[in-house]
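Enquirer: Mind having a look at this structure? Questions to follow.
There are 4 protein chains.
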Amino acid sequence: MAGNTFGTLFKLTTFGESHGEAIGGIVDGCPAGLKIDVSLIQLALDRRKPGQSRITTQRKEEDTVEFLSGIFEGKTTGSPIGFVIKNNNQKTTDYEHIKDKFRPSHADFTYHQKYGIRDYRGGGRSSARETASRVVGGAIAQQILTLQNIKINAFVSQVGNIKLIKNYSELDLEKTYLHPTRCPDDTISNVMFDYIDKIRKEGDTVGGKISCVIANLPVGLGEPVFDRFEADLAKAMLSINATKGFEIGDGFDSMLLKGSEHNDEFYVVKNKVKTKSNHSGGVQGGITNGEDVFFNVAFKPVATIMKPQQTVNSNFEEVIIEGKGRHDPCVLPRAVAIVEAMTALVVIDHLLRNKLSKL
Amino acid sequence: MAGNTFGTLFKLTTFGESHGEAIGGIVDGCPAGLKIDVSLIQLALDRRKPGQSRITTQRKEEDTVEFLSGIFEGKTTGSPIGFVIKNNNQKTTDYEHIKDKFRPSHADFTYHQKYGIRDYRGGGRSSARETASRVVGGAIAQQILTLQNIKINAFVSQVGNIKLIKNYSELDLEKTYLHPTRCPDDTISNVMFDYIDKIRKEGDTVGGKISCVIANLPVGLGEPVFDRFEADLAKAMLSINATKGFEIGDGFDSMLLKGSEHNDEFYVVKNKVKTKSNHSGGVQGGITNGEDVFFNVAFKPVATIMKPQQTVNSNFEEVIIEGKGRHDPCVLPRAVAIVEAMTALVVIDHLLRNKLSKL
Amino acid sequence: MAGNTFGTLFKLTTFGESHGEAIGGIVDGCPAGLKIDVSLIQLALDRRKPGQSRITTQRKEEDTVEFLSGIFEGKTTGSPIGFVIKNNNQKTTDYEHIKDKFRPSHADFTYHQKYGIRDYRGGGRSSARETASRVVGGAIAQQILTLQNIKINAFVSQVGNIKLIKNYSELDLEKTYLHPTRCPDDTISNVMFDYIDKIRKEGDTVGGKISCVIANLPVGLGEPVFDRFEADLAKAMLSINATKGFEIGDGFDSMLLKGSEHNDEFYVVKNKVKTKSNHSGGVQGGITNGEDVFFNVAFKPVATIMKPQQTVNSNFEEVIIEGKGRHDPCVLPRAVAIVEAMTALVVIDHLLRNKLSKL
Amino acid sequence: MAGNTFGTLFKLTTFGESHGEAIGGIVDGCPAGLKIDVSLIQLALDRRKPGQSRITTQRKEEDTVEFLSGIFEGKTTGSPIGFVIKNNNQKTTDYEHIKDKFRPSHADFTYHQKYGIRDYRGGGRSSARETASRVVGGAIAQQILTLQNIKINAFVSQVGNIKLIKNYSELDLEKTYLHPTRCPDDTISNVMFDYIDKIRKEGDTVGGKISCVIANLPVGLGEPVFDRFEADLAKAMLSINATKGFEIGDGFDSMLLKGSEHNDEFYVVKNKVKTKSNHSGGVQGGITNGEDVFFNVAFKPVATIMKPQQTVNSNFEEVIIEGKGRHDPCVLPRAVAIVEAMTALVVIDHLLRNKLSKL
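Protein chains in written order, with the numbering used here: chain D, 6 to 364; chain P, 6 to 364; chain H, 6 to 364; chain Z, 6 to 364.
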């Protein structure tokens, strides 16, 4: 059973390889009657696209989405929304040198072994280019969330060992996209920028952490016992290229507190139940409790480096591989839009699922 | 759409509340012809059951599994395997005091709001008692994995700020269950034990970290692009009660290395492709590469403490709640068996899925 | 991927073999807050159980359902509803003679080949006994449908070549269960009864047709393009043991009319859109139009006959098999409750699905 | 939960409206390494396309399929296969007259009520044009079936009351597509042709029956208890536009035989188990037994007629609607390719599912 569909009620299925004709997808399950603002979808895509500053890859991919179905006179019809993004800037020759070689820490070897065949051009299906389709799906979902005032804000909170210290409540998350690093703190952002640029000049790469806040969520999202809200978030995040970890609320640090310190005591304000602290990160028993959901995602450094590495070819002989082409020294600035998109897909799916909880 | 089923081909659906008649489940999709050793399933259950030492809850739950279908003359028949575990040691009166109160950082409030009704006895469906059914499903899966020599070993690697320093390769993971803490290092285990016992006497609780290694996996498990092996592991782990984080390979620390340091270079030994390092934790492009899969899971401290806490009742009035009953000061020793079970369910599902990759 | 789950949002998973410990199932996705009248569920089971008259099998199966979870203080909680029906009247020795023989037109041969192992006792999983679990699931669904005034009435409309001539609108469908044949027409019912009794004495069996009407359905049930309302009904019916055909509205006779005769013209009454005729059987474009849904299901004669037949054993040798045991000469009277149950499962699933159509 | 995906392991998701930019779909789950002959896929599409003779609609739709992904150097890669078929011959003005009117026995009313919005152009999503995407999916599936020598042959066996009398074994099914009627019997085909042409001149329409044979199936396809082979076939057939019935083997006629007449006795030939008769139509207990699977599908007359009809508009006022445009007097000749495609999708899905039955 292949795994190219995300979601249970609001379902995104994507297709497409880095250097094929086009990438794209189908959103099935979007309720009818939603006004679609295509410019907002294109904006989300633009936030992910390469070439936005000198610290992202200089490949030019215009990434223009075309909708083929499911929208009529500006509104969704309840029919599946098919869309494509043409691949215009394919330089297949860039990849001839990896045709028979497995790049270290890339998917070349595992795809080759799993499928017995591999579209090696630009990583083929394993390329992060596929995530552009997720951004389209997420941006559609986001338009429903906006109607309910739900806000999703991701931002870069760490690059290498450069960390954002401030809590998200002290930051202006609306300004994240004004920073090329997507870190919404002027000082830290500048340090990150310079560091990424230095790494780029070395021909090396670096990873980091993206944090994300979901505000104004209703109480009740999440489906016990397996499809907990945070379980589906974790899956969504770990399905993004280069991610290696996920934590919600206090996450790995929660073990440093005792129960009496970590528990979030309830109180009442204006007939609404709130918690005094939010160590839980907005979920209890797998269900949102109305507080902000807050989580972090770890990204490893990009595998493609501009340095020679030892590896193996498809004849299982040891060879040297040289780094070539136009690549990102740090994927995080572009990945912020992807984290937001996947988050939106999780939220919309659980909003629809929760409609069915009570009689 | 409710969420009580885990897996796509090897599917476990569980039912049951803490203080109802019974808990249990159905395993659908187990291939026919598998010899079932019920004693091994019972052993896994025993490793999870309470009352094994003074640092776990003193509730007596015998947790005896009864199989109702799907096994004939000792072998699976391809029909669904139905099973029940009776609830014998129900003290419903223990819970009268929480009938109308929402325990902090428990699921009481969120279940109440989501469903409009709540089986408050012992947490009802949100109780970790449900995980006994997962242990049964996982122990069935494990019997197929054993035929393929695949080994899953989880162990406690941190409690509060007491950390296991040694790498898993330096430990004898076969001895994990000999330690009441499930930490396979004599010295650290003793420190952990004393610490948990101290916390218990305080009426408080503590969290920690469980690490898990899967050895001898074939290359090729994982289904791009959404159902990556690590994405499904992350979901499985975050679906366990009290978990707050997941990381694979170097996880959150991977951002401290540059690409040139983090990449796992390939080499060949005896016509097999291996990697020199394993920062990736055994997955690349969402697919296992044949190296050990290694991951960590963060657990928050248990929410039930023996101390008074401020909270809210179902009339949305602020009240004080007192801790009562028999509870775990630290859930980790019992959760090791659950982590192993959920891991086994992920592996078996992907083994079956991978059977379909090639013509 | 095994197939023991029916439905997408209101999901019934069944387990159990004819002569195992118990049969049962899990209903997942039942909304919370539904008052459960267990006596109505037991009534539906009683309508399916054997031994109700001399034209059904004289096996005594009490078929008492026990609920294990998901119901608290008489109401559903949103948690999965687990239930069992114990197998009390197992005479395994009745089946020793078929242990190694494949009964003609039974599932013995196909199960044996598919799974390589077979629980031969009473047909094991392939026994129609499994449908008792469906009746439980359907009876739960029915309690939601009743709140919306939706009525499902199935009845026997043909046995052998004895046909009910009257249209359903001329019959009192509330009296169906007063007739041992489940044909709600005194005269035809008596003829059918005598015919089935005659067939029984011959040691032979006979098939027939069950018709079903769903009244008071809302407009809008059915999910284009694959999960049309009638497509899911067809699947539901063909999933019942011994069924060989399904038709809706005019069905196979619709080809005898021209378009100008078959089309159902719309008109308006009390601001409601109605159709003058109902050749379509209440569905257009795969979606209910508010008219009665009407369909027929064909049942072949029961495969177990009290006569010697030529067959093959598991060594692939030709042998003679003798009919033994207590069997139904005609399955239709008992199958009416099963058709109603499966219909209720289709309707409830589509009611829930339709909740998601519009924003 | 929307319903635009067919299949569980080999999954086809379609999108597209009659008069939108394009229709298309994604095949997910096609095993890697399959040689794709695009000309055979185009041939299947051509067999479905309009304008092939004067008894089908004279609309010109070239229906050229373009593959966007999932195929590399002529072979499937295991990645999802995205494809589009552009809509070139859209005459939207043809449909202005139905913009606000509900055509009798069409999906206009039900879509309008279900979704609150309707792409009225050419029926939008409810148009049979969508089935072109199914033909593409089915033709891909067929290429795997061909490797296993499995043959699917559908043909028109009845139009109005003109019936094909001969059994399929007496017909040359390879010649079906040489007849404009798709009835592989010269004499009957001619009578059908003249009758359809007469009906066309009357401005009326007519329905009929398509029969289908699947030869060389292995024993073992079908997943008890709900996903029986015939249940999935029934669903597939009833998901096709204008279908009203399905029967397998003797179908509705099986009730005219006694068990002793209907049972298919087993015998052995060349160490293979065969049945003397095939009343069951190749399935027993929901699983294929190795005999030919044979089934019939009923089609109602096309709803669009060239005659005035009474109906209702979207203001719920009674109005007259006139037939306009280029339509099929009889959909059956074009539907043969669709029946074959849906059959191929059912077979491939069950072939893959059956790979998982045994250890």
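Just so it is clear, CB atoms sit at the ideal spot from N, CA and C, and this is done for glycine as well.
When the Cα atoms are used, what is the spatial distance from residue 343 of chain Z to residue 50 of chain Z?
Expert: Indexing the fourth sequence from 1 puts residue 343 of chain Z at position 338. Indexing the fourth sequence from 1 puts residue 50 of chain Z at position 45. Looking at the two C-alpha atoms, the distance is approximately 9 Å.
Enquirer: Roughly how many angstroms separate the alpha carbons of residue 281 of chain H and residue 115 of chain Z, rounded to a whole number?
Expert: As a first step, residue 281 of chain H is located in the third sequence; it is residue number 276 there, counting from the start. As a first step, residue 115 of chain Z is located in the fourth sequence; it is residue number 110 there, counting from the start. If I take the Cα positions, the gap works out to 16 Å.
Enquirer: Rounded to the nearest angstrom, how far is the Cβ of residue 208 of chain H from that of residue 328 of chain H, given a contact under 8 Å?
Expert: Here residue 208 of chain H is taken as the residue at index 203 of the third sequence, counted from 1. Here residue 328 of chain H is taken as the residue at index 323 of the third sequence, counted from 1. About 6 Å separates the two Cβ atoms, so the contact holds.
Enquirer: Roughly how many angstroms lie between the CA atoms of residue 17 of chain Z and residue 118 of chain D, to the nearest whole one?
Expert: Within the fourth sequence, the letter at position 12 stands for residue 17 of chain Z. Within the first sequence, the letter at position 113 stands for residue 118 of chain D. Taking the straight line joining both Cα atoms gives about 25 Å.
Enquirer: Quick check: the Cα distance between residue 362 of chain H and residue 13 of chain H, rounded to an integer number of angstroms?
Expert: If you number the third sequence from 1, residue 362 of chain H lands on position 357. If you number the third sequence from 1, residue 13 of chain H lands on position 8. Distance between the alpha carbons of residue 362 of chain H and residue 13 of chain H: 15 Å.
Enquirer: Compare the C-beta of residue 319 of chain P against all C-beta atoms of chain D and say whether one is closer than 8 Å.
Expert: Locating residue 319 of chain P in the second sequence gives position 314, where the first residue counts as 1. False, the Cβ-Cβ gap to chain D never drops below 8 Å.
Enquirer: Which residues in chain D have a C-beta closer than 8 Å to the C-beta of residue 360 of chain H? List them in chain order.
Expert: Working through the third sequence from its first residue, we reach residue 360 of chain H at position 355. Simply 360, 361.
Enquirer: For the candidate residues P/161, P/109, P/150, whose alpha-carbon lies nearest to that of residue 325 of chain P?
Expert: Translated into positions along the second sequence, residue 325 of chain P becomes position 320. When only C-alpha atoms are compared, the closest one is P/109.
Enquirer: What does residue 14 of chain D touch in chain H if you count any residue whose Cβ is under 7 Å from its own?
Expert: Start at 1 with the first residue of the first sequence, and residue 14 of chain D comes out as number 9. Chain H residues near residue 14 of chain D: 361.
Enquirer: Based on DSSP bridge pairs, tell me the residues matched to residue 216 of chain Z.
Expert: Translated into the one-based positions of the fourth sequence, residue 216 of chain Z becomes position 211. The partner list for residue 216 of chain Z (beta bridge, DSSP) reads Z/160, Z/301.
Enquirer: Using the Cβ count rule (16 or more neighbours within 10 Å means buried), how would you classify residue 79 of chain H?
Expert: Position 74 of the third sequence, counted from the first residue, corresponds to residue 79 of chain H. Label assigned to residue 79 of chain H: exposed.
Enquirer: Looking at the strands, I want to know which residues DSSP matches up with residue 316 of chain P.
Expert: For the purposes of this step, residue 316 of chain P is identified with residue 311 of the second sequence, where counting begins at 1. Per DSSP, P/324.
Enquirer: When you compare the stretch 173-184 of chain Z with the stretch 270-286 of chain H, are there three or more beta-carbon pairs, one atom per stretch, that lie closer than 8 Å?
Expert: Segments in contact, no.
Enquirer: Spell out the partners DSSP gives residue 293 of chain Z in its beta bridges.
Expert: Here the question's residue 293 of chain Z lines up with position 288 in the fourth sequence. Its beta-bridge partners are Z/288.
Enquirer: Could you name each continuous alpha helix (DSSP H) segment of 4 residues or more that falls completely within the stretch 173-217 of chain Z, going from the start of the chain to the end?
Expert: Runs of the alpha helix (DSSP H) inside the stretch 173-217 of chain Z: 191-206.
Enquirer: Output, in sequence order along the chain, the residues in the stretch 268-287 of chain P whose CB is closer than 8 Å to any CB in chain H.
Expert: For the stretch 268-287 of chain P, which is checked against every Cβ of chain H, not one residue is closer than 8 Å.
Enquirer: Taking buried to mean at least 16 other C-beta atoms within 10 Å of its own C-beta, is residue 174 of chain Z buried or exposed?
Expert: On the fourth sequence, position 169 is the one that residue 174 of chain Z refers to. The residue in question, residue 174 of chain Z, is exposed, as its Cβ has fewer than 16 Cβ neighbours within 10 Å.
Enquirer: Compute the distance between the beta-carbons of residue 243 of chain P and residue 235 of chain D, then report whether it is under 8 Å.
Expert: Position 238 of the second sequence, counting from 1, holds the residue named residue 243 of chain P. Position 230 of the first sequence, counting from 1, holds the residue named residue 235 of chain D. Cβ atoms of residue 243 of chain P and residue 235 of chain D: closer than 8 Å.
Enquirer: Closest Cβ-Cβ distance between residue 142 of chain D and chain H: below 8 Å?
Expert: For the purposes of this step, residue 142 of chain D is taken as the residue at position 137 of the first sequence. No, its Cβ sits nowhere closer than 8 Å to a Cβ of chain H.
Enquirer: Hey, residue 252 of chain H and residue 301 of chain H: beta-carbon distance below 8 Å or not?
Expert: Locating residue 252 of chain H in the third sequence gives position 247, counting from the first residue. Locating residue 301 of chain H in the third sequence gives position 296, counting from the first residue. Yes, these two residues count as a Cβ contact at 8 Å.
Enquirer: On the three-pair Cβ rule with 8 Å, is the stretch 290-305 of chain D touching the stretch 187-198 of chain D?
Expert: In short, these stretches do not touch, since the Cβ pair count stays below three.
Enquirer: Could you tell me the alpha carbon to alpha carbon distance between residue 246 of chain Z and residue 88 of chain D, rounded to whole angstroms?
Expert: Looking up residue 246 of chain Z in the fourth sequence gives position 241. Looking up residue 88 of chain D in the first sequence gives position 83. Spanning the two alpha carbons is a distance of roughly 25 Å.
Enquirer: Use the C-beta contact count for residue 107 of chain D: other C-beta atoms within 10 angstroms, 16 or more gives buried, fewer gives exposed.
Expert: Residue 107 of chain D sits at position 102 when you count from the first residue of the first sequence. Classification for residue 107 of chain D: buried.
Enquirer: Between the stretch 119-141 of chain P and chain H, which residues of the former have a C-beta closer than 8 Å to a C-beta of the latter?
Expert: Listed in sequence order: 119, 120, 121, 122, 123, 124, 129, 130.
Enquirer: With distance defined between alpha-carbon atoms, name the residue in H/286, H/306, H/350 nearest to residue 216 of chain H.
Expert: Within the third sequence, the letter at position 211 stands for residue 216 of chain H. With distances taken between Cα atoms, residue 216 of chain H lies closest to H/286.
Enquirer: If we define contact as Cβ-Cβ less than 8 Å, is residue 299 of chain P a contact residue for chain D?
Expert: The residue labelled residue 299 of chain P in the question sits at position 294 within the second sequence. With 8 Å as the cut-off, residue 299 of chain P does not count as an interface residue toward chain D.
Enquirer: Determine, using beta carbons only, whether residue 74 of chain D comes closer than 8 Å to chain Z.
Expert: If you number the first sequence from 1, residue 74 of chain D lands on position 69. Yes, its Cβ sits closer than 8 Å to a Cβ of chain Z.
Enquirer: Just the Cα atoms here: how many angstroms apart are residue 162 of chain H and residue 262 of chain H?
Expert: Counted from its first residue, the third sequence places residue 162 of chain H at position 157. Counted from its first residue, the third sequence places residue 262 of chain H at position 257. Residue 162 of chain H and residue 262 of chain H: Cα-Cα distance of roughly 23 Å.
Enquirer: What residues from chain D crowd round residue 83 of chain H, counting only those whose CB sits closer than 7 Å?
Expert: As a working mapping, residue 83 of chain H is identified with position 78 in the third sequence. Near residue 83 of chain H (Cβ distances below 7 Å), the residues of chain D are 362.
Enquirer: Express the C-alpha separation of residue 123 of chain P and residue 77 of chain H in angstroms, rounding to a whole number.
Expert: For the purposes of this step, residue 77 of chain H is identified with residue 72 of the third sequence, where counting begins at 1. For the purposes of this step, residue 123 of chain P is identified with residue 118 of the second sequence, where counting begins at 1. If I take the Cα positions, the gap works out to 8 Å.
Enquirer: Between which two residues does the beta strand (DSSP E) carrying residue 27 of chain H extend?
Expert: Within the third sequence, the letter at position 22 stands for residue 27 of chain H. Here the beta strand (DSSP E) through residue 27 of chain H covers 27-33.
Enquirer: Relative to chain H, which residues along the stretch 23-49 of chain D have a C-beta separation below 8 Å, given in chain order?
Expert: Here the close residues are 34, 36, 37, 38, 39.
Enquirer: Which complete beta strand (DSSP E) runs does the stretch 253-280 of chain P hold, if anything under 3 residues is left out?
Expert: The qualifying runs are 271-274, 277-280.
Enquirer: Counting only beta-carbon atoms, is residue 70 of chain P nearer than 8 Å to chain H?
Expert: Here the question's residue 70 of chain P lines up with position 65 in the second sequence. Residue 70 of chain P does not count as touching chain H.
Enquirer: Can you list, in chain order, the residues of its chain with a C-beta nearer than 6 Å to that of residue 307 of chain H? Leave out the 5 residues immediately preceding and following it.
Expert: Position 302 of the third sequence, counted from the start, is the residue given in the question as residue 307 of chain H. Closer than 6 Å at Cβ, skipping near neighbours: 210, 333, 336.
Enquirer: Against chain D, with Cβ distances strictly below 8 Å, would residue 357 of chain H count as a contact?
Expert: Residue numbering aside, residue 357 of chain H sits at position 352 when the third sequence is read from its first letter. True, the Cβ-Cβ gap to chain D drops below 8 Å.
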